[in-house]
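Trainee:
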Amino acid sequence: MADLWRGALSPRRAWTLTEHLPEDSALAAALAGGPEHRGWTLQTHLLAQIVNAVRFADANNVRVSGGKLRRNPDPVKPPQGRPAGRARMLDLSGHPGAMALPDKYIRG
Numbered sequence: 028m029a030d031l032w033r034g035a036l037s038p039r040r041a042w043t044l045t046e047h048l049p050e051d052s053a054l055a056a057a058l059a060g061g062p063e064h065r066g067w068t069l070q071t072h073l074l075a076q077i078v079n080a081v082r083f084a085d086a087n088n089v090r091v092s093g094g095k096l097r098r099n100p101d102p103v104k105p106p107q108g109r110p111a112g113r114a115r116m117l118d119l120s121g122h123p124g125a126m127a128l129p130d131k132y133i134r135g
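All you need for our numbering is the position in the sequence shown, starting with 1, plus 27.
1) Starting from P38, trace the alpha helix (DSSP H) in both directions and tell me its first and last residue.
2) Under 8 Å by Cβ, that's how I've got H64 and P38 pegged, so tell me the actual separation to the nearest angstrom.
3) Got a sec, what are the start and stop residues for the alpha helix (DSSP H) L96 sits in?
4) Per the contact definition of three or more C-beta pairs closer than 8 Å, is the stretch 90 to 98 in contact with the stretch 66 to 82?
5) For W42, count the other beta carbons within 10 Å of its own beta carbon; 16 or more makes it buried, fewer makes it exposed. Which is it?
6) Judging by CA-CA distance, which residue of A59, N79, N87 is the nearest neighbour of D101?
7) Expressed to the nearest angstrom, what Euclidean distance is found between the alpha-carbon atoms of L54 and K104?
8) Which two residues bound the contiguous alpha helix (DSSP H) that contains V89?
9) If we call anything under 7 Å between Cβ atoms a contact, is A56 one with P62?
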């Protein structure tokens, strides 16, 4: 990111690089709501739902066959996303290394 401020990296190239980051990257986790989202890709969310379905199906099979459970199975809880609403903008203007972009990058 420092190259962006120095002018060695164009904003378009920076956007392209961040657009193709993996789903479990730190940037994706930050945009989703925080570090607890790190590692939670679409596949892990679906896997958590499958694990929950199997646990509850097993518990129902035990109940139907006349058995008793001491307690209900604990579901796997994925981290909750940010509440719907206005997206929070990232403001780096107060960063000590922040400099104004050259005019050639500003559309007017």
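The beta-carbon is built from N, C-alpha and C at its ideal position, and this holds for glycine as well.
No experiment lies behind these values; they were computed from the predicted model shown.
Mentor: Reading off the structure:
1) One-based indexing of the sequence shown puts residue 38 at position 11. Note, P38: alpha helix (DSSP H), 38 to 46.
2) Locating residue 64 in the sequence shown gives position 37, counting from the first residue. Locating residue 38 in the sequence shown gives position 11, counting from the first residue. Contact flag wrong, Cβ pair sits at about 26 Å.
3) Looking up residue 96 in the sequence shown gives position 69. Careful: L96 lies outside any alpha helix (DSSP H) and carries neither H nor E.
4) no
5) Here the question's residue 42 lines up with position 15 in the sequence shown. The residue is exposed, with fewer than 16 neighbouring Cβ atoms inside 10 Å.
6) Along the sequence shown, one-based indexing puts residue 101 at 74. That would be N79, whose Cα lies nearest to the Cα of D101.
7) As a first step, residue 54 must be located in the sequence shown, where it is residue number 27. As a first step, residue 104 must be located in the sequence shown, where it is residue number 77. Roughly 22 Å separates the two Cα atoms.
8) To locate residue 89, count along the sequence shown from 1; it is residue 62. 69 to 91 is the span of the alpha helix (DSSP H), which, as asked, contains V89.
9) Indexing the sequence shown from 1 puts residue 56 at position 29. Indexing the sequence shown from 1 puts residue 62 at position 35. Yes. Within cutoff.
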